[in-house]
Amino acid sequence: MLENRSLSGLLAATFAFVCWGLLPLYWKALAAVSAQEIICHRIVWSLACTGLLLVAQGRLAEVRKALGTRRDMLLLAASSSLIGMNWFLYIWAVNAGHVLEASLGYYLNPLVNVALGRMVFRDKLRRPQAIAVGLAATGVAVQLVMQGRLPWIALCLAVSFGLYGMVRKLMTVESLPGLFLETMMLAGPAAAYLLWLAAQGLGGMGHLGLGTDALLVGAGLVTTVPLLAFAFGARQITMTTLGVLQYLGPTGMFLLGALVYGEPFGTWQAVTFGFIWAGVILYTADGVLRLRGIPLGGRSAGR
């Protein structure tokens, strides 16, 4: 039976991934607003939310410490650029009718992490991991050959978030002060753009009704709350459980794209997803079995 902390961690992590899976519903409700304006509001209001939480938790010292560390600040500059790019592309993709391809990107993300680990950190690939990456690459190749196009949205989302995770791994800043500093670095241009829109009488804020205004301000909450739930849950449950739960997000996005928004899902999309799902299943099974001391292939965990 799960202990109370493990159960609360499981619920918190599940909540975070379900929120991320349903997030397209939120951005679709802002379809009348440009992706540029939405991301600027997301940055500014995320900065406000994280700042208030840091003050409430008495953690401003962590921010001051990071500000005094040249290495962390350089890494935060890189991570803020990557997460800004990822957020913008994700919001644009959802509101441009590419929810399915966005979900594909987040299915690809763990496999991109494995490939980055091999290329950047010279991590050794176990055979199941190599096969999983190969299956994902085959799925991408199928779409390129049969449809004459790369799933560039999925690839850019997966690579940008993979690189973001890699950079965050290199720094010592925790998730909440890290998000505060990342949004702080982006907030200047974002606020300037929003002020320019207001001066020109353009944009959604103040022109599309109180509902739209509330959703734009709420972009900070829908960014910060799931992240905090994830950070809490990750500390309370095993990495195996967390690794399985992470697929709730793209699965929710996939179901929304296919069943709610009626995006095209033909034979070749099915083949592409099929290869990538096979890679994800193999990757997840390998991780679960190895943590239980039963690696794929039947060898002992010590070899």
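Going letter by letter, the sequence shown gives residues 839 to 1141 in the numbering used here.
For every residue, glycine included, the Cβ atom is placed at its ideal position computed from N, Cα and C.
Segment limits, alpha helix (DSSP H) that includes residue i
i            : result
residue 1027 : 1013 to 1038
residue 984  : 965 to 985
residue 879  : 873 to 895
residue 1092 : 1086 to 1093
residue 948  : 937 to 958
residue 991  : 990 to 1008
residue 1073 : 1048 to 1074
residue 932  : 908 to 933
residue 902  : 898 to 905
Contact under 8 Å by Cβ, residue i with residue j
i            : j            : result
residue 996  : residue 946  : yes
residue 920  : residue 1001 : yes
residue 970  : residue 1117 : yes
residue 1091 : residue 940  : yes
residue 865  : residue 877  : no
residue 998  : residue 951  : no
residue 917  : residue 1006 : yes
residue 1096 : residue 963  : no
residue 1009 : residue 898  : no
residue 1065 : residue 855  : no
residue 848  : residue 1079 : yes
residue 859  : residue 1089 : yes
residue 810  : residue 1015 : Coverage of the chain is limited to positions 839 through 1141, which leaves residue 810 absent and any answer about it impossible.
residue 927  : residue 994  : yes
Option in the options with minimal Cα separation from residue i
i            : options                : result
residue 1029 : 1106, 847, 1055        : 1055
residue 1111 : 943, 1126, 854, 923    : 943
residue 807  : 898, 866, 871, 1125    : Missing from the structure shown is residue 807; the chain here goes from 839 to 1141 and no further.
residue 967  : 1121, 1128, 1131       : 1121
residue 1025 : 910, 897, 863, 915     : 915
residue 867  : 1047, 1010, 1039, 1124 : 1047
residue 973  : 1127, 1114, 1132       : 1114
residue 1012 : 859, 874, 856, 888     : 888
residue 1107 : 989, 863, 934          : 989
residue 861  : 1063, 1101, 1109, 1074 : 1063
residue 1076 : 880, 896, 1104, 1125   : 1125
residue 803  : 1101, 1004, 1085       : The question about residue 803 has no answer, for the chain in this structure spans 839 to 1141.
residue 976  : 1131, 1109, 1127, 1128 : 1109
residue 869  : 965, 1105, 1053        : 1053
residue 958  : 994, 894, 1003, 1131   : 1003
residue 853  : 1127, 1040, 927, 1087  : 1087
Count the C-beta pairs between the segment 976 to 983 and the segment 1030 to 1039 that are closer than 8 Å, then say yes if the count reaches three, no if not.
-> no
With a cut-off of 8 Å, do at least 3 Cβ pairs link the segment 872 to 892 to the segment 1008 to 1022?
-> yes
Could you tell me whether the segment 1057 to 1074 touches the segment 904 to 919, where touching means 3 or more Cβ pairs closer than 8 Å?
-> no
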